[in-house]
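Following: one structure in structure tokens, then a few remarks.
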Amino acid sequence: MDKTQSTGIVVKNRQGFALMITLSVLSVIIALTMVLLSYFEKVQQDSGTTKALIQANVYYTNITNIFQAFKDKKTLFSVLYQTALPLHTLDDKFSLVLQCEPLYKGVNINWLGLENDSKKAALYTVAQDLFEILAQDYNIEDAGRLQEMLVEEIGSSGLAVLKEQSRLHQKNGIISYQQFTALVSRYQFEVDDSNIGSVPWKKYFSFSPEAETIDGEYSSAELISYLFEIELSAVEEWASLIDKGTLEDFVRENGGDYAKRKSILADKTFVEAAKCSVGYAFAKEQYRFRFEYIQGEAKHFEFYGKQ
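In our numbering, the protein residues as written are 3 to 309.
Written out as structure tokens, the structure reads:
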């Protein structure tokens, strides 16, 4: 009998796997569902936000422990990056959706604060040039003021961030997209810039102060097009291929200068840095939490309560 059937768990894929799941990844999925189900059976009679938070912490611990125990991180996260993983019991009393995305897939927004760091001039230059291009392409009304606010936030303790995001008060720099959008909202209110909402920031930037490279393998087609001055349509066509080869080969075949950007790219090294979101049902309500998983260490747990 199939192990997933024996546990009473159904694994659904709403988007369809873009990759063939190996037996090792399947074993992790089975282990994950069994651990989570065993805990669910102990707490299914409880209710309330406090109990939901306790449950979230246990899910968080179990999921990250499984991540740490899995040796082939590239295979594991390549699957998780391709599709959300919904899990639920046949009677729908337990349901959970795990979704992860690469944390360093863009230009680090914090590199805008490195103007006076000569050792990191390449990082500052790529961030500054990109910001200026986006400001021009999307007609940002007062790009200078927006950049001034960004640099202030990068160099501050994040005091302007909303109270409920208390973790952000303890770190320097911009450490999440939520913090970044709060700052952009302040800029929009101050300048009354109707164009700022149309800028696709997440296609170009990442929001984690630890990042000192760009994980080009998972970057957007728009960012790759910008970095290597290759037509966007050509990048999109390449990105859609199942067996597309390496980014370096693609860039060279299309006349791009890979060597120019190599110092800021992760190159062929797998970057073990992911941001994961977990949505789950508890006492007939939906809850969500997020966390980051960087180099074998789980951090920055955030509980978002009822959804």
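Glycine included, C-beta positions come from ideal geometry on N, C-alpha and C. Keep in mind the model is a prediction, meaning the values are calculated, not measured.
Secondary structure, beta strand (DSSP E): runs of 3+ residues fully inside the segment 226-298: 275-284 and 287-296
Integer-rounded CB distance, given that LEU114 should sit under 8 Å from ALA137: Counted from its first residue, the sequence shown places residue 137 at position 135. Counted from its first residue, the sequence shown places residue 114 at position 112. About 12 Å separates the two Cβ atoms, so there is no contact after all.
Would you say the segment 214-222 touches the segment 97-113, given that touching needs at least three Cβ pairs under 8 Å? yes
Where PHE69 falls: helix, strand or coil (DSSP): In the sequence shown, counting from the first residue as 1, residue 69 sits at position 67. Helix, per DSSP.
With DSSP collapsed to three states, give me the class of ILE177. Numbered from its first residue, the sequence shown carries residue 177 at position 175. When secondary structure is reduced to three states using DSSP, ILE177 falls in the coil class, being assigned neither helix nor strand.
Let me know the secondary structure DSSP gives SER159 once reduced to three states. Walking along the sequence shown from the start, residue 159 turns up at place 157. Here the model assigns SER159 a pLDDT of 41, short of 50, so the residue's position is not dependable, and the following value carries that caveat. In the structure shown, SER159 adopts coil according to DSSP, grouped into three states.
Residue burial classification, ASP139 (beta-carbon count within 10 angstroms, cutoff 16): Sequence index remark: in the sequence shown, residue 139 carries index 137 (1-based). Counting Cβ neighbours within 10 Å, ASP139 comes out exposed, since fewer than 16 surround it.
For the beta strand (DSSP E) containing GLN101, list its first residue and its last residue. One-based indexing of the sequence shown puts residue 101 at position 99. Where GLN101 is concerned, the enclosing beta strand (DSSP E) stretches over 97-104.
Inter-residue Cα distance where the pair is TYR126 and SER200: As a first step, residue 126 must be located in the sequence shown, where it is residue number 124. As a first step, residue 200 must be located in the sequence shown, where it is residue number 198. Cα to Cα, the separation comes out at about 24 Å.
DSSP has PHE305 in a bridge; who is on the other side? Against the sequence shown, residue 305 aligns to sequence position 303. PHE305 has PHE291 as its beta-bridge partners, per DSSP.
Per DSSP, which one or two residues make a beta bridge with SER222? The count along the sequence shown starts at 1 and reaches residue 222 at position 220. Looking at the DSSP assignment, SER222 forms no beta bridge with any residue, so it has no partner.
List the residues that DSSP assigns as beta-bridge partners of MET216. Along the sequence shown, read from residue 1 onward, the residue named residue 216 stands at position 214. Note that residue 216 corresponds to Ile in the displayed sequence, not to Met. Its beta-bridge partners are LEU267.
Determine the direct distance from the alpha carbon of MET151 to that of LEU185, and round the result to whole angstroms. Counted from its first residue, the sequence shown places residue 185 at position 183. Counted from its first residue, the sequence shown places residue 151 at position 149. Whole-angstrom Cα-Cα distance: 8 Å.
Find the nearest neighbour of GLN190 within the set GLU143, ALA54 and LEU234, judged by alpha-carbon distance. Looking up residue 190 in the sequence shown gives position 188. For the residues GLU143, ALA54 and LEU234, the minimum Cα distance to GLN190 belongs to GLU143.
Report yes if the CB atom of LYS205 is closer than 8 Å to the CB atom of LEU229, and no otherwise. Residue 205 sits at position 203 when you count from the first residue of the sequence shown. Residue 229 sits at position 227 when you count from the first residue of the sequence shown. Result no, Cβ atoms of LYS205 and LEU229 do not sit closer than 8 Å.
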